[in-house]
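Down below is the structure, laid out as structure tokens.
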Amino acid sequence: MIDLHCHMLPGIDDGPDTLEEALALCRHAVASGITHSVVTPHIHPGRYENDASTIPSAVSALRDALVREGIPLQLGYSGEVRISAEILPMVLANRIPFHGEWKGKRVLLLEFPHSHILPGSDKLVKWLLQRNIIPMIAHPERNKDIMRDVSRMHEFVQMGCLFQVTSGSLSGRFGEIAEQRAKEIVAEGWATVLASDAHNLKARPPELADGLAVAIELLGEEAALRLVQDNPWEIVACQFEGAA
Ligand SMILES: [Fe+2]
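Here the sequence shown is numbered in this note's numbering, starting from -13 and rising by one per residue.
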């Protein structure tokens, strides 16, 4: 399985603090059936000052440690970009890393605040689409506006956004409402991928099997496997140079 959203680089955001903790997350990912993890540090101006120039060296260091420790996890990278006006100049200055491509468009993992959908989010999405960038909206099932009213997603569905549902939401790790919303989003066929959004071993571990089991109940095995294998691979294969 391929995990497109996780925080496993040490000391760079609210993921692991140390290399040892990061390696423990990587070992857990492998034990959980994950072969490829695309690490996505927060890019949140004013809070987490990561960008395309700072992330690759942290990725290289963790890749070296994986080889040293004999942990068979392939690492790619991108970022989880918090929506704000400040990201527009960052996009124009090539400071935002992309996951890869989906149907000819570059894929950007876009995070809304958990509290609500900011006014103007639709305009920012259109601005990105005009530049051949397709937003993959992170964990819509955990956004409070969408938790209150799932129809708040419609305009983003209609604009062609991709959606990343968090595996643990499907299995109830984030409460009943997030579970219900996650199931609705998957059952509607809106989810592009399931991802772990891993931060640590306890509350948010790098696992996909729990969500996959629920997705199989909802969609059947073939369609559910697309969410953890085919679709994420289509987006990120270019990062791994065909080495599956
Ligand atoms: Fe995240």
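The beta-carbon is built from N, C-alpha and C at its ideal position, and this holds for glycine as well.
Treat the numbers as computed from the prediction; the structure is a model and nothing was measured.
Check	Outcome
Closer than 7 Å: residue -9 CB and nearest ligand 1 heavy atom	yes
Pairwise C-alpha distance: residue 106 and residue 219	31 Å
Straight-line Cα distance separating residue 170 from residue 209	15 Å
Sequence-distant residues of the same chain with beta carbon closer than 7 Å to residue 130, five excluded per side	100, 101 and 102
Length of the line joining the Cα atoms of residue 21 and residue 226	11 Å
heavy atom of ligand 1 below 7 Å from residue 124 C-beta	yes
Identity of the residues DSSP links to residue 27 by a beta bridge	None, per the DSSP bridge assignment.
Rounded straight-line distance, which links the Cα of residue 97 to that of residue 76	15 Å
Close beta carbons around residue 8, own chain, < 8 Å, minus the five adjacent residues each side	-6, -5, -4, 1, 2, 48 and 51
For residue -8, the three-state DSSP class (helix, strand or coil)	strand
Residue 26 Cβ short of 7 Å to ligand 1 heavy atom set	yes
Residues with C-beta closer than 5 Å to any heavy atom of ligand 1, in chain order	66 and 183
Close-in-space but distant-in-sequence residues of the same chain around residue 167 (CB under 7 Å, 5 per side omitted)	127, 132, 133 and 136
DSSP beta-bridge partners of residue 149	123
Same chain only: Cβ atoms within 7 Å of residue 72, ignoring 5 sequence neighbours per side	31
CA nearest to the CA of residue 145, picked from 163, 152, 119 and 35	119
The stretch 80 to 91 touching the stretch 59 to 68, judged by at least three CB pairs closer than 8 Å	yes
Residue 60 - partner residues in DSSP beta bridges	22
Cβ distance (whole Å) where residue 196 is taken to contact residue 152 below 8 Å	With 8 Å as the limit, residue 196 and residue 152 do not qualify as a contact, their Cβ atoms being about 10 Å apart.
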